[in-house]
Structure formats: structure tokens, C-alpha cells
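Enquirer:
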Amino acid sequence: MKSLLVTFDYPPDIGGMAEYYAVTVKRAKGAVMVLHLEYKKTPLSWLSYFPELFHRRKKFNRLLVGNILPLGYLALVLKFFCGISYNVYAHGKDVLSRLSFWKRFWTRVILSNAGELRSNSEYVRGSIANRYGIPRGKIIVEYPRVSSSALEKDSLSSPLIPKDAPFVLLSVGRLVKRKGFDMVIRAISRLPRISYWIIGEGDDEMRLREIAKTCNIENAVRFFGSISRPAIFGYYKSCDAFIMPSRDIDGDVEGFGIVFLEAAVFKKPAIGGRSGGIPEAVDEGRTGFLVDPLDPKDIARAIETCMKNPFLARKMGENGYERVKQKFDY
Numbered sequence: 001m002k003s004l005l006v007t008f009d010y011p012p013d014i015g016g017m018a019e020y021y022a023v024t025v026k027r028a029k030g031a032v033m034v035l036h037l038e039y040k041k042t043p044l045s046w047l048s049y050f051p052e053l054f055h056r057r058k059k060f061n062r063l064l065v066g067n068i069l070p071l072g073y074l075a076l077v078l079k080f081f082c083g084i085s086y087n088v089y090a091h092g093k094d095v096l097s098r099l100s101f102w103k104r105f106w107t108r109v110i111l112s113n114a115g116e117l118r119s120n121s122e123y124v125r126g127s128i129a130n131r132y133g134i135p136r137g138k139i140i141v142e143y144p145r146v147s148s149s150a151l152e153k154d155s156l157s158s159p160l161i162p163k164d165a166p167f168v169l170l171s172v173g174r175l176v177k178r179k180g181f182d183m184v185i186r187a188i189s190r191l192p193r194i195s196y197w198i199i200g201e202g203d204d205e206m207r208l209r210e211i212a213k214t215c216n217i218e219n220a221v222r223f224f225g226s227i228s229r230p231a232i233f234g235y236y237k238s239c240d241a242f243i244m245p246s247r248d249i250d251g252d253v254e255g256f257g258i259v260f261l262e263a264a265v266f267k268k269p270a271i272g273g274r275s276g277g278i279p280e281a282v283d284e285g286r287t288g289f290l291v292d293p294l295d296p297k298d299i300a301r302a303i304e305t306c307m308k309n310p311f312l313a314r315k316m317g318e319n320g321y322e323r324v325k326q327k328f329d330y
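For the record, in the sequence shown the residue sitting at position 173 is 173 according to UniProt numbering, with numbers rising by one throughout.
1) Can you tell me which of P245, D295, A241 and V168 puts its alpha carbon nearest to the alpha carbon of M316?
2) Out of G251, I249, P245 and L44, state which residue places its alpha-carbon closest to the alpha-carbon of V259.
3) Pick helix, strand or coil for I199, following the three-state DSSP scheme.
4) Going by DSSP, what residue range makes up the beta strand (DSSP E) through T7?
5) Verify whether the separation of the beta carbon atoms of S121 and F256 is less than 8 Å.
6) To which residues of the same chain is P135 closer than 8 Å at the C-beta, ignoring the five residues directly before and after it?
7) Taking only the alpha-carbon atoms, compute the straight-line gap between L191 and I278 and give it to the nearest angstrom.
8) Can you look up E38 in the DSSP assignment and give me helix, strand or coil?
9) Quick one: Cα of L44 to Cα of E116, how far?
10) For Y86 and V32, what's the separation of their Cα atoms in angstroms?
11) Touching or not, the region 19-35 and the region 193-211, by the rule of three or more beta carbon pairs under 8 Å?
12) Return the bridge partner residues of residue 333 from the DSSP annotation.
13) Can you tell me whether L44 is helix, strand or coil according to DSSP?
14) Between the region 321-329 and the region 141-159, do three or more beta carbon pairs fall short of 8 Å?
15) In chain order, what residues of the same chain lie with their CB nearer than 6 Å to the CB of E254, ignoring the 5 residues before and after it?
16) In or out: N67 buried (at least 16 other Cβ within 10 Å) or exposed?
17) Is the beta carbon of L71 closer than 8 Å to that of L4?
18) Would you give the residue range spanned by the beta strand (DSSP E) that L170 belongs to?
19) Taking C-beta to C-beta, are I303 and A212 nearer than 8 Å?
20) Since Y330 sits in a beta bridge, which residues does DSSP pair it with?
21) Between F224 and I199, what straight-line distance do the alpha-carbon atoms span, to the nearest angstrom?
22) Opposite D252 in the DSSP bridges: which residues?
23) Look up E142 in the DSSP assignment and say whether it is helix, strand or coil.
Following this line, the structure appears as C-alpha cells:
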């Protein structure tokens, strides 16, 4: 009998969670089916998903919950009325952001009744245990993984992107405040001969453009929008360093950051914010730098170190590649 993963995030969706679940299914080698649902913002929308799950109930013996709220409600119903056990995946914001009393109560109920909990980092594991009173032994850390051989093979068809400055920084991710792209823009305004490439879409784009304009560096900041794979690999190959100084905003925090692993496959040094699970993705001083995500001066110092010490930057990129091969490959 198989397990069924029910989630709002799965390819062709773009993002860390979608990639995480794609790898989870691949590693299961046929033992996990997927029900990829469309997220609905309407109240009690989770009830609309129930008929499909109920119809499939005899085809699986364990439910894998990819999004705690609202899909965890479905898991509770199936457990208590159909006898189907469930596991829950947790990534960060889904369990750590500021919730209403009602949602926090039900999150605790869902987590407590799960057979297993799987977190994407030790940080998220510890935070769940502390916030919801879940025994640490019940929470299994399952780090994001990448296939370095597949990425390298797919990247062969991705041409290099012409550089528009001697040193190019790259960020990949949703354009939201916590990613820290605003602080990178402020940081590079202090540095000469640098270009900042941003790949992704989101509600924060106009604010980021305004910051670049205010800092008089709008020509140095390039927004490429959403880029599909494998075309995105050309940008990884062409940049000099990868950066994402994410910060914690009321529990909206980076649980790990799979993009750091992708950058490492292309042997790029990483600069990450000292928050959430990023210190588990970036090995401070060995594969890159951890910075104060609220301090543009600290971020600028890390960037400048990479610019002025190309040998060190190259060595950090090589260390990152070896670390992925040893710990995060599949």
C-alpha cells in the first residue's frame, strides 16, 4: 500500500517547498502518490478537497500532509473517521508565523495526532518542540536535497549570461520582504563596479525598485522575473556569488533555503542571513558568510570580501560543492 502526499506546492510550481516534495517523491521510488491541490483563500476551503481524498481513501494507508493548515484538518477527519494515519511536513513559516489563537490551537492538535513530524532543519525542529510542546524525538529532520548530477547535466544546455559588471551577485526567490533583497540593494550602494541580479516574482518588487532608485543604483539592479528551469542555471553559472540575507519577520522565517544548495552545485560562495535554518545551509567561513540580515554594512563587508579575495571565494564555492555531495545529494 502507498502513501499519499497532499500539498499545494509541487512542480510545475516554482519554489523551495515544491522542489522539496518533488525530491521526496523521487526518493520514495513509487511508494508515494501525489495529490497536487490548488490553494483557495475562501473560508472553510479545505472542505472542498475532502471528496477527492475520500474517493481515494482505499488506495493509500498513510497521508502525508504538505501544508499543515488547512490540509491538516483533512488529516484529522480521515484519521478519526476512516482510521488512516498521517505524517506532517513542516518548513518554517507554516508553523512558526504569528497565528490566531484558533489556528495555533488546531496546529497543536494536528501535530500532536500525527504519526511522525518531519522538519526541514534542526532550527524548525527545535522551534516546533518549544512552541507546541511536541517531544523532539517525534520530529525527524529531513533536510532538503538536490541531485548535483542532474543539475550539472541540465545546466549544459543553459548558456552563460553576459555579465554587465566585473562582479555579479545573484538572488533567487519570491520577492517578499523577509528574503532581504532590500538590504542587499542598500549594501551594494556602498560598493563600486557591481551588478545585482534578482530572479523571482512577488509583491515586493515595486518597493525594491524604489529602494534601488532612491540609492541611485537602479542601473545596477536587474529584475529578471520568473525564469524556468533549466534556463535559470545559466544565471547560477554566470554569477560570482549567491546572496539571500533572509530575516525573521514575526515567525515568517527561512526554514533552510534550498537555493543555497543549488548555488553550491555551481561552486558559488554563499552569503546568507544569520536567521532561521540558514546557518545549517551555509557553513560559516567554509562555504560562505553569515551576516546580520538587518545591517547593510555587515552585508556589504561580506560582499566586499568576496570581491577582493577571488581565491577565497572560489575555495568557498568548491567547499560548498563538496558539502552538497557529501550531505545533501541524492
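Backbone N, C-alpha and C fix where the C-beta goes; we use that ideal spot for every residue, glycine too.
Expert: To lay it out plainly:
1) Of the candidates P245, D295, A241 and V168, the residue whose Cα lies closest to the Cα of M316 is A241.
2) V259 has its Cα closest to that of P245, out of G251, I249, P245 and L44.
3) It is a strand residue.
4) Unbroken beta strand (DSSP E) run through T7: K2 to T7.
5) With contacts defined by Cβ atoms closer than 8 Å, S121 and F256 form a contacting pair.
6) The beta carbon of P135 is closer than 8 Å to those of A129 in its chain, skipping five residues each way along the sequence.
7) If you draw a straight line from the Cα of L191 to the Cα of I278, it comes to about 25 Å.
8) Here E38 sits in coil by DSSP.
9) Rounded to whole angstroms, L44 to E116 spans 25 Å at the Cα level.
10) C-alpha separation (whole angstroms): 13 Å.
11) Not touching, per the Cβ criterion.
12) Lying before the first or after the last residue shown, residue 333 is absent from the chain, which here runs from 1 to 330.
13) Looking at L44 - three-state DSSP - the assignment turns out to be coil, as it is neither helix nor strand.
14) The region 321-329 makes contact with the region 141-159; the number of CB pairs closer than 8 Å reaches 3 or more.
15) Within its own chain, the residues whose Cβ lies closer than 6 Å to the Cβ of E254, once the five positions on either side in sequence are excluded, are S246, G276 and I278, listed in chain order.
16) A residue is called buried once 16 or more other Cβ atoms fall within 10 Å of its Cβ, and N67 is buried on that count.
17) The answer is no: Cβ separation not under 8 Å.
18) It spans F167 to V172 - the beta strand (DSSP E) in which L170 sits, taken as one unbroken run.
19) Not in contact: I303 and A212 (Cβ atoms no closer than 8 Å).
20) Under DSSP, Y330 shares a beta bridge with no residue.
21) For F224 and I199, the distance between alpha carbons rounds to 5 Å.
22) DSSP, once it has assigned bridges, lists I249 as partnering D252.
23) Correct three-state label for E142: coil.
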